[in-house]
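Engineer:
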Amino acid sequence: MPGSVPGGPAPGAAGRPAGAGPLMRIGAVAERVGLSIRTIRHYEDAGLIIPSARSEGGFRLYTDADLERLAVVKRMKPLGFSLDEMRALLAVLDALVTAGAADRPALLDRLGLFHTVAATRVETLREQLRTAEGFASALRHQLDQHRAHH
3 MPGSVPGGPA PGAAGRPAGA GPLMRIGAVA ERVGLSIRTI RHYEDAGLII
53 PSARSEGGFR LYTDADLERL AVVKRMKPLG FSLDEMRALL AVLDALVTAG
103 AADRPALLDR LGLFHTVAAT RVETLREQLR TAEGFASALR HQLDQHRAHH
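Residue 147 in the numbering used here sits at position 145 of the sequence shown; the count goes up by one each step and never skips.
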């Protein structure tokens, strides 16, 4: 994909620090984050999110940190990031939490690459929106013209 971030896939949620706070079931998480339960399960299957715990009945349980992780993925989706790119960014963000001084510069460089790609994709979307708005305006003009003549 053009504008891809180098470095390929990285480990997903494994090894991330567990979030504090109340545990929520998947339905509550879906409602709070604005994703469907099916989408959250898909992201789990893809290794982007791992429930922090399971209830005695086997229900997935999530923390606020898990919700933040899902929010990152949700924001990446409209920018066209692949699952591998999402996984790689999450790995960078996870590593930055515990990185020592020697590892931080490389991680910050990778984070900077993600920022550059995201900013480029946002500008592309802005241009597409300007084009779409121009088209809608032209249609409105045509509609107004033709209504005035009848």
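Even glycine gets a Cβ: it sits at the ideal position worked out from N, Cα and C.
#1: Using the Cα positions of H152 and L81, report the straight-line distance between them to the nearest angstrom.
#2: Below 8 Å on the Cβ atoms is my contact criterion, and I expect L72 with I52 to pass it. Report the Cβ-Cβ distance as a whole number of Å.
#3: Go to L63, then tell me how far its beta strand (DSSP E) extends in each direction, as first and last residue.
#4: For R123, which of G59, R77, E70, R27 has the nearest alpha-carbon?
#5: Taking 8 Å as the cut-off, decide whether the C-beta atoms of L109 and A101 are in contact.
#6: Give every residue of the same chain whose Cβ lies closer than 7 Å to the Cβ of T118, excluding the five residues on either side of it in the sequence, and list them in chain order.
Structural biologist: Taking the coordinates as given:
#1: 44 Å
#2: Rounded, the Cβ-Cβ distance is 11 Å, inconsistent with contact.
#3: 62-64
#4: R77
#5: yes
#6: none
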